[in-house]
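Here is the structure we will look at, set down as structure tokens.
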Amino acid sequence: MFKNLLLKLLLLGIVVSLVIAEEKAEENHDKKDDHHEDEHDEEHEKITPKDHDDEDHDKKDDEHEDDHDDKKDDDHDDDHDDKKDDDHDDDHEDKKDDDDDEGDHDDKDDAKDEAEDEEDGDEAGHPEHDAFLGDQLTAFQDLQDEDAKKKKLQDLVVNEVDTNKDGFVTEDEIRARLIKTTKQQRKEEMNNTMITHDDNKDGKVSWEEFKKHHYTHEKDDAQGQASDKEQMEEDEAKFKHADADGDGGLNLDEYISFYHPGDDERMSAFVIGHTLQKYDTDKDGALSKEEYLKSYKDLNDDAKAEIEKDFANSYDTNKDGKLEANELSKWLFPDEDMSREEPPAMMKEVDDNKDGKLSMDEILKNYKVFVEDPPIGGSDHDEL
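The opening residue of the sequence shown carries number 334 in this note's numbering; numbering runs sequentially from there.
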């Protein structure tokens, strides 16, 4: 009996040992599974498909932004270069227009330019003020006080405008003032032009030097080339006539008379004669309205109406339907319009008592007729 009990206890110990060993084995297996899952989770956290997509997306965004910035920079540079080119072309064309001289009415755009000049008149300032003030213009522009301007204007009138010193200013004295200062301004401008054109710095401008600086564009079409050739031949004849001493080059005075023939009796007669020779087809010594219109090319209806109005209202002063030599001057030499038109206009505005002369009281009362106020804040001043 004792042996049976001992055997049962032995069998029970074996069973218990097996159970404990199996439980330990299961625990170890669970730990391995947990460790594997942890490692998998860590790897999963390191790189997930979403993270991979985000990285690719960020990279693409960066590349897109770089490409966009590069394109913006390229577009900006292109726009800047285009603007520079446009500005350069505009400046070049403006320079060419400024160099055009008096007495030439063959340009098909003349009528258009004149209309634009009238539209832009307010923006161009008041050249009659500049001419009246002359070399005192800068000093007046520096003055802000009204009384100071009046005092300086009074000194100018007494010392430089009232030439006979009778205490009054007449229309003729205003005209003489405008002519004198205009010639001084032109001389300064032409001196600067001559410095540019006189390549060999001998104090004169030769025909070759003039041609080099004046005819700078090559025309592609045959009509344009023919027009340039004709204009060049006419300019050469005019250039040679301006060379009064016949030495083959134009000094400053001769160059002024070439560009502004209306200032020189000899040159104005040459230009008038050339105009009649070219356009006076019936050879009666004057231009009819039809001959006058033929001097302009490619006119549209509006431009034609404007120049017909000019013919009737401005140039044909005796109303005989023709322009004689003295009437041609006003058409051919528009530079002289100021000295013809401004003096009577100024007299009309300032001569309050209508006695045909201006007292100092009248001049100072209406001083803005002679002195332009500088614009304030970009707006034009009120003018009497």
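Heads up, the beta-carbon is just placed ideally off N, CA and C, and yes, glycines get one too.
All values reported here derive from a predicted model rather than from experimental measurement.
Buried or exposed for residue i, going by 16 or more other Cβ atoms inside 10 Å?
i	result
V491	exposed
P608	A quick correction: the sequence has Thr, not Pro, at residue 608. Result: buried.
D649	buried
P677	exposed
E566	exposed
G595	buried
I589	buried
T549	exposed
D495	buried
I353	exposed
D684	buried
K663	buried
A638	exposed
I696	buried
E461	buried
A481	exposed
E624	buried
E669	buried
I347	exposed
A636	buried
Check each candidate in the options and name the one with the smallest Cα separation from residue i.
i	options	result
K498	Y700, K698, M693 and L697	M693
L661	N633, Y629, D535 and I605	I605
D280	E493, N525 and V538	Limits of the chain in this structure are 334 at one end and 717 at the other, which puts residue 280 out of reach.
H546	E563, G536, Q564 and M527	M527
Q518	D615, A464, E669 and Q610	A464
P667	K485, D643, N524 and T529	D643
D597	D617, H574, Q610 and A472	H574
S601	N699, S647, L665 and E569	L665
G654	E479, N633, D617 and H530	D617
Taking the alpha helix (DSSP H) that residue i belongs to, which residues open and close that run?
i	result
E493	No alpha helix (DSSP H) holds E493; DSSP gives it neither H nor E.
F603	E598 to Y612
D670	D670 to V683
S590	L585 to Y592
K698	M693 to K698
F543	W540 to H547
L661	A658 to L665
F465	P460 to L466
K627	K622 to K627
T471	L470 to Q474
K520	E504 to H530
D635	D634 to D643
Would you call the CB atoms of residue i and residue j closer than 9 Å?
i	j	result
K652	A658	no
Y612	L620	yes
L656	E641	no
S672	L511	yes
E674	I507	no
K537	D580	yes
T514	L585	no
A472	K484	no
To which residues of the same chain is residue i closer than 6 Å at the C-beta, ignoring the five residues directly before and after it?
i	result
D532	E542
M680	E504
K690	F501 and T503
K516	none
Leaving out five residues before and five after residue i in sequence, what residues of the same chain have Cβ atoms less than 7 Å from its Cβ?
i	result
V702	M679, E682, V683 and L717
T614	E624
Cutting at 8 Å between CB atoms, please list the residues of its own chain near residue i, excluding the five before and the five after it.
i	result
D576	G582, L583 and E587
D688	none
F572	W540, F543, L583 and F591
A509	T496
F603	K571, H574 and P594
For the ligand SAH, I want to know if residue i counts as a neighbour, meaning its beta carbon is within less than 8 Å of at least one of the ligand's heavy atoms.
i	result
K637	Only the bare structure without any ligand can be found here, which leaves the ligand SAH out of the picture.
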